[in-house]
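Chemist:
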Amino acid sequence: MTLAKANRAASNNESIEARYLRILKAASIEELEERIVSKLVQGLSNQIEQRVLPLKLSKIANQFLIEPRPLKISGSHDGELEYNQGKNRFFIKLCSPTSATDQPLLNRQRFTYAHEMAHRFFFVEQENVWVRAIDLATATTLSPAERIRERRHLNHIEESLCNRIAHSVLIPDSILLERCNLDHWFGRKDALYRTLSKASNEFGVSRECMVARIGTAIRRKVIEPKDGKCLMVIAKSRGTITQRGREALRVKVCFFPRKLNDQALAVPFPGFELHRFGPTAEQFFEQGFGSGDSSGEMDLSLSLSRHSNRETQVPTRLVGWWRSYGTTPSYRRLCVWGTLSLSNC
Amino acid sequence: MKESLSGLFFWTTPYKQLYKDPAILVRVNEKLATIEQLKNDEGISDSLRSRIVAGVNDAETKNEALWKFYVFISDSLFYTGVLAKILQEHPCQDDPQRHAEHLQVAKSLIVRAVFCAWEYWNFKQKKINLNEGSTFAELSELLRLLIAKRVSDQLDVGYEQMLEDVSGVQISQYLHGENSPKCRDVRYKFDEAGNFDEALHQVVTEGDREKVEEAFNSLGVDKNLFEMEELVEVLTKLQNNSDQLIDLTETVAARNQTFNESVLRSFWNDLG
Numbered sequence: 000m001t002l003a004k005a006n007r008a009a010s011n012n013e014s015i016e017a018r019y020l021r022i023l024k025a026a027s028i029e030e031l032e033e034r035i036v037s038k039l040v041q042g043l044s045n046q047i048e049q050r051v052l053p054l055k056l057s058k059i060a061n062q063f064l065i066e067p068r069p070l071k072i073s074g075s076h077d078g079e080l081e082y083n084q085g086k087n088r089f090f091i092k093l094c095s096p097t098s099a100t101d102q103p104l105l106n107r108q109r110f111t112y113a114h115e116m117a118h119r120f121f122f123v124e125q126e127n128v129w130v131r132a133i134d135l136a137t138a139t140t141l142s143p144a145e146r147i148r149e150r151r152h153l154n155h156i157e158e159s160l161c162n163r164i165a166h167s168v169l170i171p172d173s174i175l176l177e178r179c180n181l182d183h184w185f186g187r188k189d190a191l192y193r194t195l196s197k198a199s200n201e202f203g204v205s206r207e208c209m210v211a212r213i214g215t216a217i218r219r220k221v222i223e224p225k226d227g228k229c230l231m232v233i234a235k236s237r238g239t240i241t242q243r244g245r246e247a248l249r250v251k252v253c254f255f256p257r258k259l260n261d262q263a264l265a266v267p268f269p270g271f272e273l274h275r276f277g278p279t280a281e282q283f284f285e286q287g288f289g290s291g292d293s294s295g296e297m298d299l300s301l302s303l304s305r306h307s308n309r310e311t312q313v314p315t316r317l318v319g320w321w322r323s324y325g326t327t328p329s330y331r332r333l334c335v336w337g338t339l340s341l342s343n344c
Numbered sequence: 000m001k002e003s004l005s006g007l008f009f010w011t012t013p014y015k016q017l018y019k020d021p022a023i024l025v026r027v028n029e030k031l032a033t034i035e036q037l038k039n040d041e042g043i044s045d046s047l048r049s050r051i052v053a054g055v056n057d058a059e060t061k062n063e064a065l066w067k068f069y070v071f072i073s074d075s076l077f078y079t080g081v082l083a084k085i086l087q088e089h090p091c092q093d094d095p096q097r098h099a100e101h102l103q104v105a106k107s108l109i110v111r112a113v114f115c116a117w118e119y120w121n122f123k124q125k126k127i128n129l130n131e132g133s134t135f136a137e138l139s140e141l142l143r144l145l146i147a148k149r150v151s152d153q154l155d156v157g158y159e160q161m162l163e164d165v166s167g168v169q170i171s172q173y174l175h176g177e178n179s180p181k182c183r184d185v186r187y188k189f190d191e192a193g194n195f196d197e198a199l200h201q202v203v204t205e206g207d208r209e210k211v212e213e214a215f216n217s218l219g220v221d222k223n224l225f226e227m228e229e230l231v232e233v234l235t236k237l238q239n240n241s242d243q244l245i246d247l248t249e250t251v252a253a254r255n256q257t258f259n260e261s262v263l264r265s266f267w268n269d270l271g
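Residue numbers (numbering that gives the first Met the number 0), protein chains in the order written: chain A, 0 to 344; chain B, 0 to 271.
#1: Just to confirm the assignment: which complete beta strand (DSSP E) runs, minimum length 3, are found wholly within the stretch 38 to 114 of chain A?
#2: Given a limit of 7 Å on CB to CB distance, which residues of the stretch 261 to 283 of chain A reach chain B?
#3: Does the stretch 169 to 186 of chain B touch the stretch 74 to 83 of chain B, meaning 3 or more C-beta pairs lie closer than 8 Å?
#4: To the nearest angstrom, how far is it from the Cα of A/Arg-219 to the Cα of B/Asn-239?
#5: Should B/His-200 go down as buried or exposed, given a rule of 16 or more other Cβ atoms within 10 Å for buried?
#6: Check whether the Cβ of A/Ile-362 lies closer than 9 Å to any Cβ atom in chain B.
#7: Which same chain residues, not among the five before or five after A/Val-128, have their C-beta less than 7 Å away from its C-beta?
#8: Residue ranges of each alpha helix (DSSP H) run of no fewer than 4 residues wholly in the stretch 98 to 183 of chain B, ordered along the chain?
#9: Tell me whether A/Ser-196 sits in a helix, a strand or coil according to DSSP, three-state version.
#10: Let me check one thing: in DSSP terms, what residues is A/Trp-336 bridge-paired to?
#11: Please report the straight-line C-alpha distance between A/Ile-164 and A/Glu-149, rounded to a whole angstrom.
#12: Would you say A/Ile-240 reaches chain B, if we count a Cβ-Cβ gap shorter than 9 Å as a contact?
#13: Is the beta carbon of A/Val-40 less than 9 Å from the beta carbon of A/Val-168?
#14: Taking 9 Å as the CB-CB cut-off, is A/Leu-63 touching chain B?
#15: Out of A/Arg-322, A/Val-252, A/Glu-201 and A/Gln-286, which has the shortest C-alpha to C-alpha gap to A/Gly-270?
#16: Skipping 5 residues on each side, what residues in its chain have a beta carbon closer than 6 Å to that of B/Leu-138?
#17: Taking only the alpha-carbon atoms, compute the straight-line gap between B/Ser-171 and B/Gln-96 and give it to the nearest angstrom.
#18: Check the Cβ-Cβ distances between B/Arg-254 and every residue of chain A, and say whether any is below 9 Å.
#19: Whole angstroms is fine: what's the gap from A/Pro-352's alpha carbon to A/Gln-108's?
#20: Enumerate, from N- to C-terminal direction, the unbroken beta strand (DSSP E) stretches of 3 or more residues contained entirely within the stretch 237 to 271 of chain A.
#21: When DSSP builds the beta bridges, which residues end up paired with A/Gly-295?
#22: Between which two residues does the alpha helix (DSSP H) carrying B/Arg-208 extend?
#23: Can you check which of these residues, B/Ala-136, B/Phe-135 and B/Trp-120, is closest to B/Leu-129 by C-alpha distance?
#24: Check for me: the beta strand (DSSP E) holding A/Lys-24 runs from which residue to which?
#25: May I ask you to list the residues that DSSP assigns as paired with B/Glu-41?
#26: Look at the alpha carbon of B/Val-220 and the alpha carbon of A/Ser-236, and state the distance between them as a whole number of angstroms.
#27: Can you name the start and end residues of the alpha helix (DSSP H) that A/Glu-177 belongs to?
#28: Assign A/Ser-95 to one of two classes, buried (16 or more other C-beta atoms within 10 Å of its C-beta) or exposed (fewer than that).
#29: Using 9 Å as the limit for Cβ to Cβ distance, is B/Asn-216 near chain A?
#30: Can A/Gln-49 and A/Lys-58 be called in contact, C-beta distance under 9 Å?
#31: Quick check: what's the CA-CA separation for B/Gln-169 versus A/Ile-91?
#32: Tell me, to the nearest whole angstrom, how far the beta carbon of A/Ser-290 is from that of A/Trp-320; I am working on the premise that it is less than 8 Å.
#33: When DSSP labels each residue in this structure, what does A/Gln-125 get in the three-state scheme?
#34: Hey, would you say A/Glu-115 sits closer than 9 Å to A/Leu-135, going by beta carbons?
#35: Identify the contact partners of B/Asp-282 in chain A, using a Cβ-Cβ distance below 9 Å as the criterion.
#36: What are the residues in the stretch 16 to 29 of chain A lying within 8 Å of chain B by C-beta distance?
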């Protein structure tokens, strides 16, 4: 699309999201996500067929004009993608405060590499030059306030999409279904943590990435867990990148049943503060989090709310296990899993 | 004056006594000399010379107490600052004690800068006109000297101890974030809870409000994280740089970066 066309589109009162999708030639966000994942998974098909894990995205980078070897930069973010017009190549840059020798940092960088690779597909070619769709979509917005708002909105969409694409590419559906039988995992009771760790190691991702990937597969109905299965990873953090608040114990990633006995629940989300589960649960999780490398069983009351009315509390009961791990504060986590049911049932 | 101070964090007036060699001339019999010269003069009696030496030592001891750089330290120096709350992964966000590292680097830079200025003054045989601004070439020489001094300081095993001896302030006693009993600034110490809309109306002109609010939202921080004084500070900085607010969202495709940090940092570099 030329800038002139983009200008015309802007003047037609088209919503910013619609303009963005049209520039990317996609009918919807979901369709765009599926299309990018398919492209990348297709490139990885040999590795997937031969079950070469972890999958090596650098081997397919050239197909998409991406320089396979990432550059190291400094910064407080994780990484970025830059297009070099002179070389007509994309360069993935990873922020590396120290040399990536420990496994958690390597896993994080692998994820960032996949995330930045996904960003590549949000550039469109215009007169032999690749331009960010966000820049094209917002180029014609007249009011500065509107432009800031639109760029923030589109950045948020693109970041979420790149995260989901990275999950789906590092852990493709076909292998996920093979390795992640939730009935089997939860049937292992307290040993689920070891199963989760083993699967994460195989894919070369963090446990959180693995849980988030399962959550995405559940939302897409690729995996359909039964009997109120739920799993969450808890960490001390300031919340999500777009809504940072006070440091507190929060849900990092999770999957929860969306319905219990036909009652739709407002389930926790990344950044969810644990005090919202009620004082008993909060205190329990705080103790577990601060207890070194420990584990245990639990039968705990959790307060959730109705999906239709957030003011109405739904008392639930979580029966299962927990495990704390991670020695440094930034990697300290509490993994909790079990079966959720309504308290009065 | 404002322009010349931009970016400076340390300066002093060219006060005469800092670069003149004051001396007292006295007459002993037919001899006219400075006290410094008399105490080494073989032509006067030992008893008188010993009295002069004792008198000079006494005066030097008294003078030493007077000849000091008095540094007036603002409480804000020890406050981790509102910018630390906004920048992602800033070390002072959750631990105000980490601010000590910044102050240690600042102290080292100031000590080194004073030392280099003194050395430069001596290298130039004290013939620099301090009433005029330095040329680019002179500044360049001075900065090269500063860089070289940094290298030699790294080799100097006594450097860290010297830095410790330079200041009598126990930094850790004063380091604080907001809402801390260590805070000595009444504006912050007794601050009211933040109210974004009130602060926005108080600080930002009507025409800029929507833009400033959107820019604030793009920072990705919960408004409830700030007390009133902090909100006013952030909104003032955004208002003062309202022409550049669009640049805040001009980011490259990056993971975990919602706004352009270097643009935001530049808003705090105007000393305003």
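We put the beta carbon where it would ideally sit given N, CA and C, even for glycine. Just so you know, these numbers come straight off a predicted model, no measurement behind them.
Modeler: Let me spell this out:
#1: Whole beta strand (DSSP E) segments, 3+ residues: 65 to 72, 78 to 83 and 88 to 94.
#2: So nothing in the stretch comes that close.
#3: With a cut-off of 8 Å, the stretch 169 to 186 of chain B and the stretch 74 to 83 of chain B count as touching, because enough Cβ pairs lie within range.
#4: A/Arg-219 and B/Asn-239: Cα-Cα distance of roughly 47 Å.
#5: Result: exposed.
#6: Chain A is shown from 0 up to 344; residue 362 of chain A falls before or after that span and cannot be answered.
#7: Taken in chain order, the residues that qualify are Gln-84.
#8: The qualifying runs are 98 to 122, 135 to 154 and 158 to 165.
#9: The answer is helix: DSSP assigns A/Ser-196 an H, G or I state.
#10: Its beta-bridge partners are A/Leu-230 and A/Trp-320.
#11: Rounded to whole angstroms, A/Ile-164 to A/Glu-149 spans 22 Å at the Cα level.
#12: A Cβ of chain B is located within less than 9 Å of the beta carbon of A/Ile-240.
#13: Closer than 9 Å, so yes.
#14: The sequence as given places Phe at residue 63 of chain A; Leu does not occur at that position. Proximity of A/Phe-63 to chain B, defined by a Cβ-Cβ separation below 9 Å, is not satisfied.
#15: Of A/Arg-322, A/Val-252, A/Glu-201 and A/Gln-286, the smallest CA-CA separation from A/Gly-270 is found for A/Val-252.
#16: Taken in chain order, the list of residues that qualify is empty.
#17: Answer to the nearest angstrom: the Cα atoms are 7 Å apart.
#18: Yes, its Cβ sits closer than 9 Å to a Cβ of chain A.
#19: The question about residue 352 of chain A has no answer, for chain A in this structure spans 0 to 344.
#20: Correct list: 247 to 254 and 262 to 265.
#21: DSSP lists A/Trp-321 as partners of A/Gly-295.
#22: Segment 208 to 217, the alpha helix (DSSP H) holding B/Arg-208.
#23: The candidate whose alpha carbon is nearest that of B/Leu-129 is B/Trp-120.
#24: Taken as a continuous stretch (DSSP letters only), A/Lys-24 belongs to no beta strand (DSSP E), as it is neither H nor E.
#25: DSSP, once it has assigned bridges, lists no residue as partnering B/Glu-41.
#26: Within the model, the alpha-carbon separation for B/Val-220 versus A/Ser-236 is close to 13 Å.
#27: A/Glu-177: member of the alpha helix (DSSP H) spanning 172 to 178, first to last residue.
#28: Around the beta carbon of A/Ser-95, a 10 Å sphere encloses 16 or more other beta carbons of the protein chains shown; the residue is thus reported as buried.
#29: Chain A contact via Cβ: present.
#30: No, Cβ-Cβ distance for A/Gln-49 and A/Lys-58 is not below 9 Å.
#31: Roughly 45 Å separates the two Cα atoms.
#32: At roughly 14 Å, the Cβ-Cβ gap does not stay under 8 Å, so A/Ser-290 and A/Trp-320 are not in contact.
#33: In this structure, A/Gln-125 counts as strand in the three-state DSSP scheme.
#34: No; because the gap between Cβ atoms is not below 9 Å, this pair is not in contact.
#35: Residue 282 of chain B lies beyond the stretch modelled for chain B, which goes from 0 to 271, so this question has no answer here.
#36: So the list is empty, because no residue satisfies the distance condition.
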